[in-house]
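Let me begin by presenting the structure, written as structure tokens, before commenting on it.
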Amino acid sequence: MKTKLQACIIGEQDGGEYIARLLRNEYPEFEIVFQNGKLDRASDYPLKHFPDLFFLETRLMSDPSEIFRNLREHLSRLIFITDSEKSAIKAIKTGVCSCLMKPVKDLEFVISVNKAIENIRTNRTLTRTSSRNKINLPTLQGFKRVAVDEIIRCEADSNYTFIYLSDKSRIVVCRTLYDFEKSFSEHRFFRIHHKHLINLDHLKEYIKGKGGQVVMTDNSVLDVSVRKKYDFLHTFL
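Start counting the sequence shown at 1015; every next residue gets the next number (my numbering).
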């Protein structure tokens, strides 16, 4: 059983040694499970092992665009460190947890890690369901507790997710669709598209096509991606 929070560090400048020292000094509750200086490895480890926190430090000429695309499901726990204002602006627009300019100041580092820890805690709250299959959905005002079977579908919008309920209400949650996909892994939910996670118990109809479309009980019509089509249809065989 995991007793410590896990951090992954990719640091081009010094192999991530400076960030590792800061993390060890300020946050003994973290264990560094992977540390590497190669940018081309940046999207490999976290996609396979899901660390709690991910640091990415790049040099001035490095372009992180492809890495952000590969890690779009993990941005809520990614702290990006750069000496390029252009890359920093791109990272912020992409939706990373925090962005730090080099040289990294200790106080700014602590503020960023504290924000990431708060995201981790909220995600863990998100995954805790009761015996009656209810879930806490964090909102700006606190949280709303709903039954999982009342959720018709979840729709991604950058780092936010729109939750559509059977009472025709909608809740906006500052969490990625990937977080909900993990939370609902033991329930009858299926991700039919990079933007859509649906409750199969609220599926009304499937319409044939290249990927096809589904009609939900709220009468929404959603696309099924081509790469998801086979696995989606296979769930009904």
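No residue lacks a Cβ here, since even glycine has one placed at the ideal position from N, Cα and C.
In three-state terms, what does DSSP make of residue i?
i: L1089; result: helix
i: N1147; result: coil
i: L1154; result: coil
i: S1079; result: helix
i: F1068; result: strand
i: S973; result: The chain is shown from 1015 up to 1251; residue 973 falls before or after that span and cannot be answered.
i: D1245; result: helix
i: V1240; result: helix
i: K1224; result: coil
i: R1073; result: coil
i: I1033; result: helix
Excluding the 5 residues flanking residue i on each side, which residues of the same chain have their C-beta closer than 7 Å to its C-beta?
i: S1101; result: T1072, P1078
i: R1184; result: F1176, I1177, Y1178
i: K1129; result: C1111, S1112
i: L1191; result: C1168, A1170, T1175, L1211
i: V1238; result: I1206, H1207, G1225, G1226, Q1227, V1228, F1246
i: N1133; result: S1090, R1091, C1111
i: S1027; result: Before going further, note that residue 1027 is Gln rather than Ser in the sequence given. E1071, R1073.
Rank the options by C-alpha distance to the C-alpha of residue i and give the top, closest one.
i: R1205; options: E1099, R1038, V1110, T1249; result: T1249
i: H1088; options: R1189, I1149, M1115; result: R1189
i: G1225; options: K1218, N1173, Y1244, Y1041; result: Y1244
i: F1194; options: N1213, K1182, G1029; result: N1213
i: H1207; options: D1181, F1246, S1197, H1201; result: F1246
i: I1103; options: D1120, F1082, F1123, K1119; result: F1082
i: I1149; options: H1201, A1034, T1108; result: H1201
i: S1090; options: T1108, I1033, E1080; result: T1108
i: I1033; options: E1164, K1052, V1118, R1086; result: V1118
i: F1203; options: E1122, E1164, F1068, R1135; result: E1164
i: F1068; options: R1241, I1131, S1199, S1180; result: I1131
i: F1198; options: N1084, V1240, N1147, G1223; result: N1147
i: Y1041; options: R1241, K1242, S1172, K1018; result: K1018
i: L1036; options: G1029, D1120, E1043; result: D1120
i: K1052; options: R1086, N1039, E1043, G1029; result: G1029
i: G1223; options: N1233, R1241, E1099; result: R1241
i: K1209; options: T1153, E1080, C1022, R1086; result: R1086
i: R1038; options: E1099, V1124, E1080; result: V1124
Only counting the same chain, and skipping five residues up and downstream in sequence, which positions put a Cβ closer than 6 Å to that of residue i?
i: H1216; result: I1166, M1230, T1231
i: F1094; result: L1070, A1105, V1110, C1113
i: V1235; result: Q1227, V1229
i: H1020; result: According to the sequence shown, residue 1020 is Gln rather than His. Closer than 6 Å at the Cβ level, and outside the excluded window around Q1020, lie E1045, V1047, P1065, D1066.
i: E1219; result: V1229
i: I1221; result: Q1227
i: S1172; result: G1109
Taking 8 Å as the limit between beta carbons, can you name the residues of its chain near residue i, skipping five residues before and five after?
i: L1151; result: L1140, F1157, K1158, R1159, V1160, I1177, I1185, V1187
i: K1182; result: D1232
i: E1043; result: K1018, L1019
Opposite residue i in the DSSP bridges: which residues?
i: V1229; result: E1219, V1235
i: F1250; result: Bridge partners of F1250: none, in fact.
i: T1096; result: M1115
i: E1045; result: Q1020
i: V1160; result: I1149
i: N1050; result: I1024
i: I1125; result: Answer is none; I1125 lacks a bridge partner.
i: I1165; result: L1179
Run the proximity test for residue i: is its beta-carbon closer than 7 Å to any non-hydrogen atom belonging to the ligand MG?
i: Y1192; result: Among the components modelled here there is no ligand, and therefore nothing to report on the ligand MG.
4 or more residues per run - each alpha helix (DSSP H) lying fully within the segment 1167 to 1214: 1191 to 1197
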